[in-house]
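To start, the structure under review is shown below, and the notes come after it.
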Amino acid sequence: MSSNVQRHDAPMNDQVAFWNQWNTETREQNIERVSLDQRDAVCAWLDEIGRHDLEILEVGCGAGWLCQSLTAYGSVTGTDLSHQCLERASQRLPSVRFVAGDFMALKFNEARYDVIVSLEVLSHVADQKAFIAKMASLLKPGGYLMLATQNRPQLERNAIAAPKPGQIRHWVDRYQLSDLLSPDFRIRSMFSLTPKCNRGVLRALNAGKVHTTLNKLGLGAVSRAITRGQERLWFGWTLMCLAQTPASELIQTLAEAAKMAP
Numbered sequence: 015m016s017s018n019v020q021r022h023d024a025p026m027n028d029q030v031a032f033w034n035q036w037n038t039e040t041r042e043q044n045i046e047r048v049s050l051d052q053r054d055a056v057c058a059w060l061d062e063i064g065r066h067d068l069e070i071l072e073v074g075c076g077a078g079w080l081c082q083s084l085t086a087y088g089s090v091t092g093t094d095l096s097h098q099c100l101e102r103a104s105q106r107l108p109s110v111r112f113v114a115g116d117f118m119a120l121k122f123n124e125a126r127y128d129v130i131v132s133l134e135v136l137s138h139v140a141d142q143k144a145f146i147a148k149m150a151s152l153l154k155p156g157g158y159l160m161l162a163t164q165n166r167p168q169l170e171r172n173a174i175a176a177p178k179p180g181q182i183r184h185w186v187d188r189y190q191l192s193d194l195l196s197p198d199f200r201i202r203s204m205f206s207l208t209p210k211c212n213r214g215v216l217r218a219l220n221a222g223k224v225h226t227t228l229n230k231l232g233l234g235a236v237s238r239a240i241t242r243g244q245e246r247l248w249f250g251w252t253l254m255c256l257a258q259t260p261a262s263e264l265i266q267t268l269a270e271a272a273k274m275a276p
């Protein structure tokens, strides 16, 4: 089987078993640079909003590792298939409400949340359009979606193991992501983040020892420029997207009209 085979569906029981094991063995043990960069991007967006009373929903929170950072901005609910991990997360983070189950089947109050965060979940759901539409329905008018997903062209440059039983894999590129979001959201920002490659020319360019050497030589600015240059060329592992519900456009138009009225 090719390492980059896409798998668009899997029995729910298999999905639950896979993500319970994956989160236990991976996300509860270590948070990698890709995830930390995603966290920093989300927190930067939340800082720009400038509020600490937000109603926040994290969809696909896994082991709940991001929820602790989100609590600085308001009330947090986290949901995931990994019910075993959520049981442990609830003990670590009693201030967070955790809801285990299939997001598409769970009942949440519509138009309740100011912000929905979803990191690397889109590529693991069977019906991506319905997934996006449901998140939109749960946001208040003018609410924000802060989404990270795998950047398909970059992952296809990497050698990656075939999906395991229960692991849906449906990567998208930036154009496909725009198309998925456009019926329900207005995209405010989209960029690639965290260059990462384990084969070809980009492997040498992204080798950790290269950046370590540059930093030791006092050339940290060069290291950062290499990273930012690749991100601008869409060589980042992650597609980061900030989107807002379109109802906010009407609110903004009315506000601007009110200012111009005599």
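Residue numbers for the sequence shown follow my numbering, beginning at 15 and rising by one.
For glycine and all other residues, C-beta sits at the position ideal for the given N, C-alpha and C.
Determine the burial state of M15: buried for a count of at least 16 other Cβ atoms within 10 Å of its Cβ, exposed for fewer.
At M15, the pLDDT of 35 sits below 50, so the modelled position is not reliable; the number obtained from the coordinates is stated separately. By the neighbour-count rule (16 or more Cβ atoms within 10 Å), M15 is not buried but exposed.
The beta strand (DSSP E) that contains I201, what's its start and end?
It spans R200 to P209 - the beta strand (DSSP E) in which I201 sits, taken as one unbroken run.
Measuring alpha carbon to alpha carbon, tell me which residue in G78, M118, V139 and L191 is nearest C20.
For the sequence presented, residue 20 should be read as Gln rather than Cys. Considering only alpha carbons, the answer is V139.
Taking 6 Å as the limit between beta carbons, can you name the residues of its chain near D23, skipping five residues before and five after?
Excluding sequence neighbours, D23 sits near A140.
Exposed or buried, what is H184 when buried is set at 16 or more other beta-carbons lying within 10 Å of its beta-carbon?
Classification for H184: buried.
Mind the definition here: the segment 81–90 touches the segment 104–111 only if three or more C-beta pairs lie below 8 Å; say whether that holds.
The segment 81–90, when compared against the segment 104–111, does touch it at the 8 Å Cβ threshold.
Quick check on S17: buried or exposed, where buried means 16 or more other Cβ atoms within 10 Å of its Cβ?
With a pLDDT of 49 at S17, under the threshold of 50, the predicted position of this residue should be treated as unreliable, and no value is reported.
What does the alpha-carbon distance come out to for the pair D54 and T208?
Spanning the two alpha carbons is a distance of roughly 12 Å.
Whose C-alpha, out of S206, N123 and Q190, is nearest the C-alpha of I70?
It is N123.
Select from K154, L84, M254 and E245 the residue whose C-alpha is nearest the C-alpha of P260.
Taking only the C-alpha atoms, the option nearest P260 is K154.
Evaluate the contact criterion for the segment 241–261 versus the segment 149–166: three or more CB pairs, one atom per stretch, below 8 Å.
Touching, per the Cβ criterion.
Under 7 Å Cβ to Cβ from R41, same chain only, skipping five residues before and after it: list those, please.
Excluding residues within five positions, the ones whose Cβ falls inside 7 Å are G76, A77 and W79.
What does the alpha-carbon distance come out to for the pair K178 and R202?
K178 and R202: Cα-Cα distance of roughly 35 Å.
At 3 residues or longer, and completely inside the segment 22–58: list those beta strand (DSSP E) runs for me, N to C.
Counting only runs of 3 or more, we get nothing.
Within 10 angstroms of the Cβ of K121, are there 16 or more other Cβ atoms? Answer buried if so, exposed if not.
Answer is exposed; the Cβ neighbour count stays below 16.
Output the residue ranges of the beta strand (DSSP E) runs that lie fully inside the segment 108–192 and measure 3 residues or longer, sorted by chain position.
With a minimum length of 3 residues, the continuous beta strand (DSSP E) runs that stay inside the segment 108–192 are 111–114, 127–133 and 153–164.
Where do the N-terminal and C-terminal ends of the beta strand (DSSP E) with C255 fall, by residue?
Start and end: G250 to Q258.
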